[in-house]
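Enquirer: Numbering (our numbering), first residue to last: 4 to 300.
Ideal Cβ placement from N, Cα and C applies to all residues, glycine included.
Predicted model only: the values in this text are computed from it and were never measured.
Sharing a structure here in structure tokens format.
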Amino acid sequence: MAAECSVKSLQDTVTCGLCQEYFTDPVSIHCGHSFCRACIDQRWGEWEINFACPQCGETARKRKISPNRELESVVRFAKRLKREAARGERVCEEHREPLRLFCKEEQKLLCAACSESKDHGAHELIPMEEAAQDCKAEIQTWLQVLREDREKLLTFKQARETSSQEFLEKVDAEKQKTRSQFEQLRQFLEEQEHFFLAQLQELVQRQDEYVAKLCQEISWLDALTDEMEEKCQQPAIDFLQDVGRTLIRCKKWEFQQPADNSVEQEQRLHRLSKRNIILEETIEKCEGTMEQAKRDA
């Protein structure tokens with residue numbers, strides 16, 4: 004703690020009271036206070052008398068500015084000391100200080116200087132390691148939920164694949180029946196044959212789309228869980244960089260049980276089967292009519 008206070012005191016000593024940055028070309032004025040040459044020149048501007056110190060307010064009738072070489076050396080030392088203190092740690096790009104705090108509101112790492120700014124003054128800040136543990140615990144909870152949802156989807160997929168084979172066999176049988184019936188009146192009923200086949204093919208397509216959608220959702224969950232498991236293995240400093248984005252993706256996931264369209268599919272297949280029965284009766288009637296026409300001829 005004493006070392007940190009000493010470093011803080013040194014940083015205050017080498018910071019210009021006007022620009023709040025390290026002194027650049029430091030100069031001393033009449034009262035002994037020091038500022039960057041450019042800062043004091045800008046503050047005094049075109050004044051000709053009563054040059055007031057921006058820090059203590061003491062005035063002088065004449066402009067008096069002297070280079071402060073000793074302070075310039077201290078600035079160089081402070082910069083080097085700060086670089087050495089931050090070596091081996093991730094530092095803030097703005098303040099070049101170690102990142103050791105985590106802002107829960109903005110989900111980002113902060114340095115000590117960031118935590119004192121007005122942007123984060125009212126925010127809840129916690130140590131980096133504590134934040135990493137909290138976020139990892141939340142991700143583990145989401146991992147459990149996502150794994151359970153994946154198992155549910157896998158169960159739905161397996162059940163549908165079992166019934167799908169029988170269903171597709173029924174569809175194929177209807178295709179064969181349709182081809183056989185339309186073959187008898189090919190020239191006249193060719194357009195109708197294509198229509199019926201398209202309807203049956205749509206049943207197959209809907210069946211495939213249903214299973215494909217389940218596979219897609221399972222793959223999405225696999226990718227998300229893999230990403231989160233990999234992220235949990237990262238060091239805290241890397242883990243927390245974009246943990247907010249990962250958690251947002253988790254929170255957007257909402258398990259929805261797939262709608263079962265098997266009843267509707269069976270009903271459509273049944274309606275097509277009834278049309279085939281009508282077609283068969285029509286053909287038989289047509290054949291009888293034609294035979295009668297032959298006899299009458």
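Name the one or two DSSP bridge partners that Ile-32 has.
Expert: Your numbering for residue 32 matches position 29 in the sequence shown. According to DSSP, which records beta bridges pairwise, Ile-32 is partnered with Ile-68.
Enquirer: Out of Lys-121, Ala-226, Cys-95, Glu-220, which one is the CA nearest neighbour of Thr-158?
Expert: Position 155 of the sequence shown, counted from the start, is the residue given in the question as residue 158. Taking only the C-alpha atoms, the option nearest Thr-158 is Glu-220.
Enquirer: Tell me the DSSP bridge mates of Phe-2?
Expert: A query on residue 2 cannot be resolved here, the shown segment of the chain reaching from 4 to 300 and no further.
Enquirer: When the Cα atoms are used, what is the spatial distance from Glu-194 to Lys-160?
Expert: Position 191 of the sequence shown, counted from the start, is the residue given in the question as residue 194. Position 157 of the sequence shown, counted from the start, is the residue given in the question as residue 160. Distance between the alpha carbons of Glu-194 and Lys-160: 36 Å.
Enquirer: Closer than 8 Å by C-beta to Glu-132: which residues in its own chain qualify, once you throw out the five before and the five after it? Chain order, please.
Expert: Here residue 132 corresponds to residue number 129 of the sequence shown, with the count starting at 1. Excluding sequence neighbours, Glu-132 sits near Ala-239.
Enquirer: In this structure, how does DSSP classify Val-266 when only helix, strand and coil are distinguished?
Expert: The residue labelled residue 266 in the question sits at position 263 within the sequence shown. Looking at Val-266 - three-state DSSP - the assignment turns out to be helix.
Enquirer: Whole-angstrom Cβ separation of Cys-114 and Pro-130, contact assumed at under 8 Å?
Expert: For the purposes of this step, residue 114 is taken as residue 111 along the sequence shown, with counting starting at 1. For the purposes of this step, residue 130 is taken as residue 127 along the sequence shown, with counting starting at 1. Incorrect: roughly 13 Å between the Cβ atoms, too far for contact.
Enquirer: Determine the closest residue to Gln-210 out of Arg-252, Glu-196, Arg-271, with distance taken between C-alpha atoms.
Expert: By one-based count along the sequence shown, residue 210 stands at place 207. Comparing Cα positions, the closest option is Arg-271.
Enquirer: Give the list of continuous beta strand (DSSP E) stretches no shorter than 3 residues that lie fully inside the stretch 68–151.
Expert: For the stretch 68–151, whole beta strand (DSSP E) runs of length 3 or above, ordered along the chain, are 68–70, 104–106, 111–113, 128–130.
Enquirer: Tell me Tyr-213's beta-bridge partners as DSSP assigns them.
Expert: Translated into positions along the sequence shown, residue 213 becomes position 210. BP columns for Tyr-213 are empty, so no partner.
Enquirer: Cutting at 8 Å between CB atoms, please list the residues of its own chain near Arg-66, excluding the five before and the five after it.
Expert: Along the sequence shown, one-based indexing puts residue 66 at 63. If we look at Arg-66 and ignore the five residues flanking it on each side, its Cβ neighbours are Trp-47, Trp-50, Phe-54.
Enquirer: Comparing alpha-carbon positions, which option in Ile-286, Val-78, Glu-232 lies nearest Cys-138?
Expert: In the sequence shown, residue 138 corresponds to position 135, counting from 1. Of the listed residues, the one whose Cα sits closest to Cys-138 is Glu-232.
Enquirer: Does the stretch 247–255 touch the stretch 164–184, meaning 3 or more C-beta pairs lie closer than 8 Å?
Expert: No, the stretch 164–184 is not in contact with the stretch 247–255.
Enquirer: Could you name the residues that DSSP lists as bridge partners for Gly-54?
Expert: On the sequence shown, residue 54 is found 51 positions in, with the first residue counted as 1. One detail in the question is off: residue 54 reads as Phe in this sequence, not Gly. For Phe-54, which the question treats as bridged, DSSP gives the partners Ala-63.
Enquirer: Select from Ala-135, His-98, Ile-68, Tyr-25 the residue whose C-alpha is nearest the C-alpha of Gln-237.
Expert: Locating residue 237 in the sequence shown gives position 234, counting from the first residue. With distances taken between Cα atoms, Gln-237 lies closest to Ala-135.
Enquirer: What separation, rounded to the nearest whole angstrom, lies between the Cα atoms of Glu-96 and Ser-120?
Expert: The sequence position of residue 96 within the sequence shown is 93, counting from 1. The sequence position of residue 120 within the sequence shown is 117, counting from 1. Each residue's alpha carbon lies about 15 Å from the other.
Enquirer: What does a CB cutoff of less than 8 Å around Val-30 pick up in its chain, not counting 5 residues either side in sequence?
Expert: For the purposes of this step, residue 30 is taken as the residue at position 27 of the sequence shown. Excluding positions up to five away in sequence, the list reads Ser-37, Phe-38, Cys-39, Arg-40, Ile-43, Ile-68, Ser-69, Pro-70, Asn-71.
Enquirer: Closer than 7 Å by C-beta to Gln-58: which residues in its own chain qualify, once you throw out the five before and the five after it? Chain order, please.
Expert: Position 55 of the sequence shown, counted from the first residue, corresponds to residue 58. Same-chain partners within the cutoff: Gly-20, His-36.
Enquirer: How big is the Cα-Cα spacing for Gln-14 and Val-78?
Expert: As a working note, residue 14 is residue 11 in the sequence shown. As a working note, residue 78 is residue 75 in the sequence shown. Those two C-alpha atoms are separated by around 9 Å.
Enquirer: Looking at the strands, I want to know which residues DSSP matches up with Thr-18.
Expert: Counting from one through the sequence shown, the residue named residue 18 turns up at place 15. For Thr-18, which the question treats as bridged, DSSP gives the partners Tyr-25.
Enquirer: Buried or exposed for Ile-281, please, with buried defined as at least 16 other CB atoms from any protein chain shown within 10 angstroms of its CB.
Expert: By one-based count along the sequence shown, residue 281 stands at place 278. Exposed is the call here.
Enquirer: So the alpha helix (DSSP H) Gly-247 belongs to, where does it begin and stop?
Expert: Walking along the sequence shown from the start, residue 247 turns up at place 244. Here the alpha helix (DSSP H) through Gly-247 covers 246–255.
Enquirer: What residues in its chain sit with their C-beta under 8 Å from that of Cys-218, if we drop five residues either side in the sequence?
Expert: Taking the first residue of the sequence shown as position 1, residue 218 is located at position 215. Excluding sequence neighbours, Cys-218 sits near Lys-160.
Enquirer: Tell me the rounded alpha-carbon separation between Cys-253 and Glu-230.
Expert: Residue 253 sits at position 250 when you count from the first residue of the sequence shown. Residue 230 sits at position 227 when you count from the first residue of the sequence shown. Between Cys-253 and Glu-230, the C-alpha separation is close to 11 Å.
Enquirer: Taking buried to mean at least 16 other C-beta atoms within 10 Å of its own C-beta, is Lys-85 buried or exposed?
Expert: By 1-based counting over the sequence shown, the position of residue 85 is 82. So Lys-85 counts as buried.
Enquirer: Using only CA atoms, which one of Lys-234, Leu-128, Arg-189 lies nearest to Leu-141?
Expert: As a working mapping, residue 141 is identified with position 138 in the sequence shown. For the record, residue 141 in the displayed sequence is Glu; it is not Leu. Ranking Lys-234, Leu-128, Arg-189 by Cα distance to Glu-141 puts Lys-234 first.
Enquirer: Less than 8 Å between the beta carbons of Leu-275 and Phe-199, yes or no?
Expert: Along the sequence shown, one-based indexing puts residue 275 at 272. Along the sequence shown, one-based indexing puts residue 199 at 196. Contact flag set, yes.
Enquirer: With the cut-off set at 8 Å, would you say Trp-256 and Leu-149 are in Cβ contact?
Expert: Translated into positions along the sequence shown, residue 256 becomes position 253. Translated into positions along the sequence shown, residue 149 becomes position 146. The answer is yes: Cβ separation under 8 Å.
Enquirer: So Phe-258 is in the alpha helix (DSSP H); what residue range does that whole segment cover?
Expert: Taking the first residue of the sequence shown as 1, we reach residue 258 at position 255. Element bounds for Phe-258: n/a, residue is neither H nor E.
Enquirer: Tell me which residues share the same chain as Glu-283 and place their Cβ nearer than 8 Å to its Cβ, disregarding the 5 neighbours each side in the sequence.
Expert: In the sequence shown, the residue the question calls residue 283 occupies position 280. Counting only Cβ-Cβ distances below 8 Å, and skipping sequence neighbours, we find Gln-184.
Enquirer: Tell me whether Ile-32 is buried or exposed, calling it buried when 16 or more other Cβ atoms sit within 10 Å of its Cβ.
Expert: Along the sequence shown, read from residue 1 onward, the residue named residue 32 stands at position 29. It is buried - the Cβ of Ile-32 has at least 16 other Cβ atoms within 10 Å.
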